[in-house]
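Visitor:
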Amino acid sequence: VPVIGVLALQGDVREHVAALVAAGADARPVRRASELDEVDALVIPGGESTTISKLADIFELREPIDKRIADGMPVYGSCAGMIMLASEVLDGRPDQRGFAGIDMTVRRNAFGRQVDSFEAPVEIGGVPGEPFHAVFIRAPWVERVGDGVQVLGTVTGGPSAGRIVAVRQGNLLATSFHPELTGDARLHAYFVDLVRAAR
Ligand code: GLN
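According to our numbering, the sequence shown is numbered sequentially starting from 1.
#1: Given 8 Å as the limit, is there contact between the stretch 178-190 and the stretch 4-21, that is, 3 or more CB pairs closer than that?
#2: Judging by CA-CA distance, which residue of L173, G24, H188, R186 is the nearest neighbour of G81?
#3: Which of the three DSSP states is assigned to I69 in this structure?
#4: V167: which of D103, D57, D71 sits nearest, CA to CA?
#5: Tell me whether I58 counts as near the ligand GLN, meaning its Cβ is closer than 7 Å to at least one heavy atom of that ligand.
#6: So, at 6 Å on beta carbons, what are the nonlocal neighbours of L36 in its own chain, with the 5 sequence-adjacent residues on each side left out?
#7: May I ask you to verify whether the stretch 70-78 touches the stretch 118-127, counting CB pairs closer than 8 Å and requiring at least 3?
#8: Mind checking whether the beta-carbon of G98 lies closer than 7 Å to any heavy atom of the ligand FMN?
#9: With distances taken from CA atoms, which of S34, N109, V43 is nearest R14?
#10: To which residues of the same chain is L152 closer than 7 Å at the C-beta, ignoring the five residues directly before and after it?
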């Protein structure tokens, strides 16, 4: 059973742990470098990317996470976690910094300030069945992807139709929305399969 850590600096850590367990993984919070050493993969939760960035430095996790990613560790980031995995962030705070991540440009709070939160159906390539009931909370979208990045999902209806909201580059996976909040463990199961294949 793969051991998957959830970066527990800030954000909806418990919900990701529960979704990972539902998807058949052994899941645990990661707050220290020594805890990072014990996991096969990492989830970066939704929350606030500026805060997660700051705390990653304070908890001395930035370098160890960058290094594990360079070594091929699978990482899944949702929402703020997606921002932390982006090589370029628009509308970010000047001092926020992500991990060595996915070759893409994301825009923070992209869906508009007045729309704090909305829901839309999203189909994810490689995940069979119904479209996801995707929950977006002050979410980013992806404005550019590099050659090595696979687009897994776009918004299919409403004013934001066509916007990229799920991507994968090698062992790195990111979504703008929060599957951990809707009791749908299929995305986490997809990630657990990816982690199994990477081992
Ligand atoms: N707006 C947040 C950020 O910039 C992300 C919101 C979320 O994770 N739900 O990090």
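All C-beta atoms, glycine included, are put in the ideal place defined by N, C-alpha and C.
Guide: The relevant details are as follows:
#1: The stretch 178-190 vs the stretch 4-21: in contact.
#2: The option with the nearest alpha carbon to G81 is L173.
#3: I69 sits in a helix when the DSSP states are folded into three classes.
#4: Out of D103, D57, D71, D103 has the C-alpha closest to the C-alpha of V167.
#5: No, Cβ of I58 sits at least 7 Å from all heavy atoms of the ligand GLN.
#6: Within the same chain, V30, P64 come within 6 Å of L36 by CB-CB distance, once the 5 residues on both sides are set aside.
#7: Too few Cβ pairs lie closer than 8 Å, so no.
#8: Ligands present in the displayed structure are limited to the ligand GLN, and the ligand FMN is not among them.
#9: If we check each option's Cα against that of R14, V43 comes out closest.
#10: If we look at L152 and ignore the five residues flanking it on each side, its Cβ neighbours are I124, G125, G126, A166, V167, R168.
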